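Q: Have a look at this one.
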Amino acid sequence: MGVYTVSSVENLRICVVMVGLPARGKSFISQKIVRYLSWLSIKAKCFNVGSYRRQIGAAHPSADFFDFKNEEAFRIRENAVTQAVEDMMKWYEDDNGVVGILDATNTTRSRRDWILKLCRENAIEPMFLESWCDDQEMILRNISDVKTCSPDYEGVDPEKATSDFLQRIGKYEKVYQPLDLDHDKNLTFVKLVNVAQEVIVNQIQTYLESRIVFYVMNLHIRPRFIWLSRHGESIYNVEKKIGGDSSLSPRGMQYAAKLPELVRESAGDADLTVWTSTLCRTQQSAQYLPYKQLQWKALDELDAGVCDGMTYEEIEEKYPEDFKARDEDKYEYRYPGGESYRDVVIRLEPIIMELERQENILIVTHQAVLRCIYAYFMNVPQEESPWMSIPLHTLIRLEPRAYGTEVKRIKANIPAVSTYKEKGTSQLGESVNDATKYRNLLTGEGGN
Amino acid sequence: MSVVLSDGEDANHKSNEDDADSTVTGNNTGNHMARTGKRWSGSSSRRPQLKGLGSDNVHENVATGDHIFPGQLYSTESGRLFHAGKIIIVLVGLPATSKTLLSVAITRYTKWLGVKTKSFHVSEYRRRQGTEVPDDYFSALPTTKEGLEVRGKIFGLVFDDMVNFFQETKGQLAIYDALNIRRSERKELETKFSAFNIKVLFIESVLTDAELVNRNIKMAAQSFDYQGVPKHQARNSFMQRLLVNKPLYEEIIPEENLSYVKYINSGQRLIVNNNRYGYLINKIVFFLMNVRDKRGCVYFARCGTSDNDRYIDDEVLNKEGRRYSKILTEAVLDRINSKRLSRNGTPTFASKASTPTPEGLVMNESSGLIPTVTTLQRTLSRGNHKVRQIQSWDGADDDSFVVWTAPRKRTYDTAKYFLEKGIAVRQRFQLQQLHPGVVADLTEEEIKAQYPKEYSEYIKDKYHYRFPRAESYHDLAVRMEPLLLEIERMCGDVLIIGHESTLKVLYGYLMACTCEELPSLEFPRDEIVEISFSPFQNKAERLPLTTA
Numbered sequence: 009m010g011v012y013t014v015s016s017v018e019n020l021r022i023c024v025v026m027v028g029l030p031a032r033g034k035s036f037i038s039q040k041i042v043r044y045l046s047w048l049s050i051k052a053k054c055f056n057v058g059s060y061r062r063q064i065g066a067a068h069p070s071a072d073f074f075d076f077k078n079e080e081a082f083r084i085r086e087n088a089v090t091q092a093v094e095d096m097m098k099w100y101e102d103d104n105g106v107v108g109i110l111d112a113t114n115t116t117r118s119r120r121d122w123i124l125k126l127c128r129e130n131a132i133e134p135m136f137l138e139s140w141c142d143d144q145e146m147i148l149r150n151i152s153d154v155k156t157c158s159p160d161y162e163g164v165d166p167e168k169a170t171s172d173f174l175q176r177i178g179k180y181e182k183v184y185q186p187l188d189l190d191h192d193k194n195l196t197f198v199k200l201v202n203v204a205q206e207v208i209v210n211q212i213q214t215y216l217e218s219r220i221v222f223y224v225m226n227l228h229i230r231p232r233f234i235w236l237s238r239h240g241e242s243i244y245n246v247e248k249k250i251g252g253d254s255s256l257s258p259r260g261m262q263y264a265a266k267l268p269e270l271v272r273e274s275a276g277d278a279d280l281t282v283w284t285s286t287l288c289r290t291q292q293s294a295q296y297l298p299y300k301q302l303q304w305k306a307l308d309e310l311d312a313g314v315c316d317g318m319t320y321e322e323i324e325e326k327y328p329e330d331f332k333a334r335d336e337d338k339y340e341y342r343y344p345g346g347e348s349y350r351d352v353v354i355r356l357e358p359i360i361m362e363l364e365r366q367e368n369i370l371i372v373t374h375q376a377v378l379r380c381i382y383a384y385f386m387n388v389p390q391e392e393s394p395w396m397s398i399p400l401h402t403l404i405r406l407e408p409r410a411y412g413t414e415v416k417r418i419k420a421n422i423p424a425v426s427t428y429k430e431k432g433t434s435q436l437g438e439s440v441n442d443a444t445k446y447r448n449l450l451t452g453e454g455g456n
Numbered sequence: 008m009s010v011v012l013s014d015g016e017d018a019n020h021k022s023n024e025d026d027a028d029s030t031v032t033g034n035n036t037g038n039h040m041a042r043t044g045k046r047w048s049g050s051s052s053r054r055p056q057l058k059g060l061g062s063d064n065v066h067e068n069v070a071t072g073d074h075i076f077p078g079q080l081y082s083t084e085s086g087r088l089f090h091a092g093k094i095i096i097v098l099v100g101l102p103a104t105s106k107t108l109l110s111v112a113i114t115r116y117t118k119w120l121g122v123k124t125k126s127f128h129v130s131e132y133r134r135r136q137g138t139e140v141p142d143d144y145f146s147a148l149p150t151t152k153e154g155l156e157v158r159g160k161i162f163g164l165v166f167d168d169m170v171n172f173f174q175e176t177k178g179q180l181a182i183y184d185a186l187n188i189r190r191s192e193r194k195e196l197e198t199k200f201s202a203f204n205i206k207v208l209f210i211e212s213v214l215t216d217a218e219l220v221n222r223n224i225k226m227a228a229q230s231f232d233y234q235g236v237p238k239h240q241a242r243n244s245f246m247q248r249l250l251v252n253k254p255l256y257e258e259i260i261p262e263e264n265l266s267y268v269k270y271i272n273s274g275q276r277l278i279v280n281n282n283r284y285g286y287l288i289n290k291i292v293f294f295l296m297n298v299r300d301k302r303g304c305v306y307f308a309r310c311g312t313s314d315n316d317r318y319i320d321d322e323v324l325n326k327e328g329r330r331y332s333k334i335l336t337e338a339v340l341d342r343i344n345s346k347r348l349s350r351n352g353t354p355t356f357a358s359k360a361s362t363p364t365p366e367g368l369v370m371n372e373s374s375g376l377i378p379t380v381t382t383l384q385r386t387l388s389r390g391n392h393k394v395r396q397i398q399s400w401d402g403a404d405d406d407s408f409v410v411w412t413a414p415r416k417r418t419y420d421t422a423k424y425f426l427e428k429g430i431a432v433r434q435r436f437q438l439q440q441l442h443p444g445v446v447a448d449l450t451e452e453e454i455k456a457q458y459p460k461e462y463s464e465y466i467k468d469k470y471h472y473r474f475p476r477a478e479s480y481h482d483l484a485v486r487m488e489p490l491l492l493e494i495e496r497m498c499g500d501v502l503i504i505g506h507e508s509t510l511k512v513l514y515g516y517l518m519a520c521t522c523e524e525l526p527s528l529e530f531p532r533d534e535i536v537e538i539s540f541s542p543f544q545n546k547a548e549r550l551p552l553t554t555a
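Taken in sequence, the protein lines are chains A and B.
When the letters of the first sequence are read in order and numbered with the working numbering, they come out as residues 9 to 456.
When the letters of the second sequence are read in order and numbered with the working numbering, they come out as residues 8 to 555.
What follows is the structure in structure tokens.
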């Protein structure tokens, strides 16, 4: 049973109602919340009204469509919201949903009141989350992101898309009623002013709401990259042993020597900060990187307890039951005296929060830890994440975007052993068939 | 050249302890490449100095010792966590705005997380002086020479202690509890601490709700300063302190260019401005969203007995167990009602004669609980969708009473008589007892005999050690975090019926126990433990349960 799972006994359901003009990062924030909560095993889902609207016949609307005086269009838009909300209510009931996110502009008070009433009638706690922004630079950046990513502007000339989108925003501005400290003082709401420069938190009523706000406070929507790498091949890797605190092998040292070049090719002159674990193989791997470095205890490899320093064959022989139990539920399995993947996810909380707050971080860490971090950014389901293949001597670049995270893999072309262990064997290495599914996750195709 | 910082240190202060620790190499097994850095370094082999049940350790100084705290995810050599550096939280606000409550509550929480925290209360320093202070000492701007002098002396002492806490010990977070209502004072603090490379965060407590203001004044007039002073006189004297400072108060404004949090009306609203400090501060803001001025108490009780009382069986209560349930129900309700009566004098809604009494608002016959003003307000707003409704969550109101039980039959059944009275009873899976693994249902002697190696490890670190297939207390503490914060947010009373292991963790949090103390706590069946809350400390009281 999950640590943060909210069981049905507690009977708590929350609806996060997004509020704000177009291009304020609402979809980005919604997606992030879903990913974060899913990572913590809390059932969350986003209902994007725009995609409902596209489904019911307004796939590529022009700005006029969003004129609040356009009655025909207004009817279609009402329809879209209604359908989204109906689906959300159904999801709470049928799938025991816990946190639903209504991703729409919800700019008028009457619309918000309508949602409020529906929530209260269905014993769902409404929490309004407004992204309010007057930082022009940020808005323009968002617009350029939307016009290249949004399905509304597929195949449209970028110039034209931008001007149409600005017009669309203008239509919303005419009717926009921001959340008001006086008028809305009884509502549970969060108002983000220029992302997180100022955050107003009003009438938070439950633990889970506070947890969502805590997470959102760490987010920023400036463009950024995250680089991830495992340490170079270690002596233990070569000896097929797990855990330990061994040094790098000669090939691992080659990777360490090549890493600065790989990073520079990918990051250019950007000033990065390097995070390593406190184990020496990550520090050796990062030793030639010309950036500020921080060591985090929280990035240390999953602790294999009594099995630390053994090969999988030895584990299978000495602890056959453990070996089997781990293959059956690798996420929950905890080595005697050691940790499970779930334990690692919990101790990574400070890492994830700091990572969200920062720009341009390079993390050099270990296989299991990297799987957890990767799963968070790529929304990899819990049962799959411990089985992902993340090869040695490969630099991974993540780029979080509004509609998902983009991945790029940069190979160092320095040979290394495979430390990948398939289910049901104590032998290392990947057979093509079984690993294909997880490999796709790494190329980005399986991502969002 | 690159700078390497290990978890918790900062560039300017690489302390000697770090160097000493990091030279440790190798271990006993002869494996030169084994992990030497354990997740837990430090103290568990030391004999704990038990301070006994009942004392709240939130004010114990931790910066010098190697204590590990129950909710800590890992420990570092420098003793600091999260690369958060050193932080001082400066409280801001008029007298009677819950500043002490906030500073103590934050201390309790961050200590639990393993952050070496200490709160510095100027009022404590003044009282320790022993002598009378001039009247105008209590003004943010004293007008007499004596007033200025005494104020300067006392504030100087606090400042030196705070700096010492950071520089000489392993302190990471200091909380400064004083008025700090003048812009100039804040600027000075910001400048002084920044010079020491200590980050400064201001938390301003603002009260605009008249009812809350009145309540807080009433509370303040009962504080240490007025022990033995007649009520009326105490109130007057305190009002004087408030009135002299009111015109001097300058609220924090964005133009001061500080990092600050405004904590408005006991947390109904929070405004976070210019927060540059990262994880730890955000975690504290997260906590502030949950902390409440609690009026009720937390009660701990064990479940009734079943025939075999074994871990593996999910048994129902036996006859004795059912009898216990009945006695427990009556004892807890009696206690809650007598506390409510002493708090309110008479049932409060009787004094609101001008408000029309809605139908059905009589003392809730079936539950036997005394209603309060909140009960009345809620009844009036029933069905109004703009106002939250009662069923939505537990413990939000000061008249609430909820019973939490573990998911096992015998604990849930122990709450049966509460359920019959219409009181909310919730099974919380986080209260699932510590999983004992292979040592389930074995006595300590049997464990010693059957698992000698494991047992000797367990004795070394009872808090973190896990028997094969078992959970440690630490696992339990981490998985119970949501409950801790939910308890913080509950304004009313809550009774928790659980296994001894889970009660230890909850008690450990509320009374600020260390990992060494927590496993040795005891909760026998013939007692209820009552934790009551006051701004400066929590109190634990054992109430005998007469089962005869």
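Every residue, glycine too, gets a C-beta built ideally from N, C-alpha and C.
Note that the structure is predicted; figures quoted are calculated from it, not measured.
Can you find at least 3 beta carbon pairs, one from the stretch 354 to 371 of chain A and one from the stretch 270 to 286 of chain B, that sit closer than 8 Å?
A: Touching, yes, given that three or more Cβ pairs across the two stretches are closer than 8 Å.
Q: Does DSSP put A:Arg342 in a helix, in a strand, or in coil?
A: One-based indexing of the first sequence puts residue 342 of chain A at position 334. In this structure, A:Arg342 counts as coil in the three-state DSSP scheme.
Q: Which word fits A:Ser242, buried or exposed, when buried means at least 16 other C-beta atoms lie within 10 angstroms of its C-beta?
A: Mapped onto the first sequence, residue 242 of chain A falls at position 234. Buried.
Q: DSSP three-state label for A:Val372, please.
A: Position 364 of the first sequence, counting from 1, holds the residue named residue 372 of chain A. In the structure shown, A:Val372 sits in a strand (DSSP, three-state: E or B).
Q: At 3 residues or longer, what runs of the beta strand (DSSP E) sit wholly inside the stretch 206 to 271 of chain B?
A: Qualifying beta strand (DSSP E) stretches, in chain order: 206 to 213 and 267 to 271.
Q: To the nearest whole angstrom, what separates the beta carbons of A:Gly252 and A:Gly317, a pair I think is in contact under 8 Å?
A: For the purposes of this step, residue 252 of chain A is taken as residue 244 along the first sequence, with counting starting at 1. For the purposes of this step, residue 317 of chain A is taken as residue 309 along the first sequence, with counting starting at 1. Going by Cβ atoms, the distance from A:Gly252 to A:Gly317 rounds to 5 Å, so yes, they are a contact pair.
Q: Output, in chain order, the set of chain B residues within a Cβ distance shorter than 8 Å of A:Arg232.
A: Stepping through the first sequence from its first residue, residue 232 of chain A is reached at position 224. Near A:Arg232 there are no residues of chain B at all, since even the closest Cβ is about 16 Å away, more than 8 Å.
Q: Do A:Glu138 and A:Val24 have their C-beta atoms closer together than 8 Å?
A: Locating residue 138 of chain A in the first sequence gives position 130, where the first residue counts as 1. Locating residue 24 of chain A in the first sequence gives position 16, where the first residue counts as 1. Not a contact, by the Cβ cut-off of 8 Å.
Q: On a CA-only basis, which of A:Glu340, A:Ile37 and A:Phe82 is nearest B:Arg476? Give me that one, please.
A: Here the question's residue 476 of chain B lines up with position 469 in the second sequence. Selected option, being the one with the closest Cα: A:Glu340.
Q: Can you give me the C-alpha to C-alpha distance between A:Tyr223 and A:Ile50, rounded to a whole angstrom?
A: If you number the first sequence from 1, residue 223 of chain A lands on position 215. If you number the first sequence from 1, residue 50 of chain A lands on position 42. Whole-angstrom Cα-Cα distance: 14 Å.
Q: How would you call B:Ile260, buried or exposed, if buried means at least 16 neighbouring beta carbons within 10 angstroms?
A: By one-based count along the second sequence, residue 260 of chain B stands at place 253. It counts as exposed.
Q: Thinking B:Phe276 and A:Val209 are a contact (beta carbons under 8 Å), I'd like their distance in whole angstroms, please.
A: Counted from its first residue, the second sequence places residue 276 of chain B at position 269. Counted from its first residue, the first sequence places residue 209 of chain A at position 201. Rather than Phe, the amino acid found at residue 276 of chain B in this sequence is Arg. Going by Cβ atoms, the distance from B:Arg276 to A:Val209 rounds to 7 Å, so yes, they are a contact pair.
Q: Check whether the stretch 167 to 187 of chain B and the stretch 236 to 247 of chain B are in contact - that is, three or more C-beta pairs closer than 8 Å.
A: These segments do not touch.
Q: Could you check the C-alpha separation between A:Glu430 and A:Lys338 for me, to the nearest Å?
A: Residue mapping note: residue 430 of chain A aligns to position 422 of the first sequence, counting from 1. Residue mapping note: residue 338 of chain A aligns to position 330 of the first sequence, counting from 1. Their Cα atoms are separated by approximately 11 Å.
Q: Once you ignore the five residues that flank B:Lys546 on each side, which residues in its own chain have a CB closer than 6 Å to its CB?
A: In the second sequence, the residue the question calls residue 546 of chain B occupies position 539. Once the five neighbours on either side are set aside, the close Cβ partners of B:Lys546 are Ser539.
Q: Step through the CB atoms of chain B and report whether any lies within less than 8 Å of the CB of A:Arg417.
A: Position 409 of the first sequence, counted from the first residue, corresponds to residue 417 of chain A. So no, A:Arg417 is outside the interface.
Q: With 16 as the cutoff for other CB atoms within 10 Å, does B:Pro149 come out buried or exposed?
A: For this step, residue 149 of chain B is matched to residue 142 along the second sequence. Looking at its Cβ environment, which holds 16 or more other Cβ atoms inside 10 Å, B:Pro149 is buried.
Q: Using a beta-carbon distance cut-off of less than 7 Å, what residues from the stretch 349 to 368 of chain A approach chain B?
A: If the cut-off is 7 Å between Cβ atoms, the stretch 349 to 368 of chain A has Ile354, Arg355, Pro358, Met361, Glu362 and Arg365 near chain B.
Q: For B:Gln240, tell me which candidate among B:Lys253, B:Val251 and B:Lys225 has the shortest Cα-Cα distance.
A: Here residue 240 of chain B corresponds to residue number 233 of the second sequence, with the count starting at 1. Checking every option, the nearest Cα to that of B:Gln240 belongs to B:Lys225.
Q: Three-state secondary structure (DSSP) at B:Ala431?
A: Numbered from its first residue, the second sequence carries residue 431 of chain B at position 424. DSSP places B:Ala431 in strand when its eight states are reduced to three.
Q: Use the C-beta contact count for A:Pro69: other C-beta atoms within 10 angstroms, 16 or more gives buried, fewer gives exposed.
A: Counting from 1 along the first sequence, the entry for residue 69 of chain A is found at position 61. So A:Pro69 counts as buried.
Q: Return the Cβ separation of B:Gly515 and B:Pro77 in integer angstroms, given the expectation that the two are a contact with Cβ distance under 8 Å.
A: Along the second sequence, one-based indexing puts residue 515 of chain B at 508. Along the second sequence, one-based indexing puts residue 77 of chain B at 70. Right, the Cβ-Cβ distance comes to about 5 Å (below 8 Å), so this counts as a contact.
Q: Go ahead and pull the three-state DSSP assignment for A:Glu414.
A: Your numbering for residue 414 of chain A matches position 406 in the first sequence. Looking at A:Glu414 - three-state DSSP - the assignment turns out to be strand.
Q: Measuring only between beta-carbons, confirm whether B:Tyr475 sits less than 8 Å from chain A.
A: Taking the second sequence and counting its residues from 1, one reaches residue 475 of chain B at position 468. Residue 475 of chain B is actually Pro in this sequence, not Tyr. True, the Cβ-Cβ gap to chain A drops below 8 Å.
Q: Nearest to B:Thr124 by alpha carbon, out of B:Lys199, B:Phe145, B:Leu483 and B:Asn64?
A: Mapped onto the second sequence, residue 124 of chain B falls at position 117. It is B:Asn64 whose Cα lies nearest to the Cα of B:Thr124.
Q: I'd like to confirm the pairing. Which residues does DSSP put opposite A:Thr281 in its beta bridges?
A: Within the first sequence, numbered from 1, the residue matching residue 281 of chain A stands at position 273. A:Lys300 and A:Ile369, per the DSSP bridge assignment.
Q: Locate the beta strand (DSSP E) running through A:Gly108, then write down its first and last residues.
A: Within the first sequence, the letter at position 100 stands for residue 108 of chain A. Segment Val107 to Asp111, the beta strand (DSSP E) holding A:Gly108.
Q: I'd like to know whether the C-beta atoms of A:Ala81 and A:Val57 end up nearer to each other than 8 Å.
A: Counting from one through the first sequence, the residue named residue 81 of chain A turns up at place 73. Counting from one through the first sequence, the residue named residue 57 of chain A turns up at place 49. Against a cut-off of 8 Å, the Cβ pair of A:Val57 and A:Ala81 comes out as no contact.
Q: Could you tell me which chain A residues have their CB closer than 7 Å to the CB of B:Met296, listed as they occur along the chain?
A: On the second sequence, residue 296 of chain B is found 289 positions in, with the first residue counted as 1. Chain A residues near B:Met296: Val209, Ile212, Ser218 and Val221.
Q: Using the C-alpha atoms, what's the distance from A:Arg149 back to A:Pro166?
A: Against the first sequence, residue 166 of chain A aligns to sequence position 158. Against the first sequence, residue 149 of chain A aligns to sequence position 141. Answer to the nearest angstrom: the Cα atoms are 13 Å apart.
Q: Taking 6 Å as the limit between beta carbons, can you name the residues of its chain near A:Pro408, skipping five residues before and five after?
A: By one-based count along the first sequence, residue 408 of chain A stands at place 400. Closer than 6 Å at Cβ, skipping near neighbours: no residue.
Q: Which residues does DSSP pair with B:Phe540 in a beta bridge?
A: Reading the second sequence from its first residue, position 533 is the one you call residue 540 of chain B. B:Asn545, per the DSSP bridge assignment.
Q: Answer yes or no: does any C-beta atom of chain A fall closer than 8 Å to that of B:Ile278?
A: Numbered from 1 along the second sequence, position 271 holds the residue referred to as residue 278 of chain B. Yes, contact with chain A.
Q: When you compare only the Cα positions, how much space is there between B:Ile113 and A:Asp143?
A: For the purposes of this step, residue 113 of chain B is taken as residue 106 along the second sequence, with counting starting at 1. For the purposes of this step, residue 143 of chain A is taken as residue 135 along the first sequence, with counting starting at 1. Taking the straight line joining both Cα atoms gives about 34 Å.
Q: Tell me the residue span of the alpha helix (DSSP H) that contains B:Arg486.
A: Here residue 486 of chain B corresponds to residue number 479 of the second sequence, with the count starting at 1. Taken as a continuous stretch (DSSP letters only), the alpha helix (DSSP H) holding B:Arg486 covers Tyr480 to Arg486.
Q: Any chance the stretch 300 to 315 of chain B sits against the stretch 521 to 539 of chain B, with 3 or more Cβ pairs inside 8 Å?
A: Segments in contact, yes.
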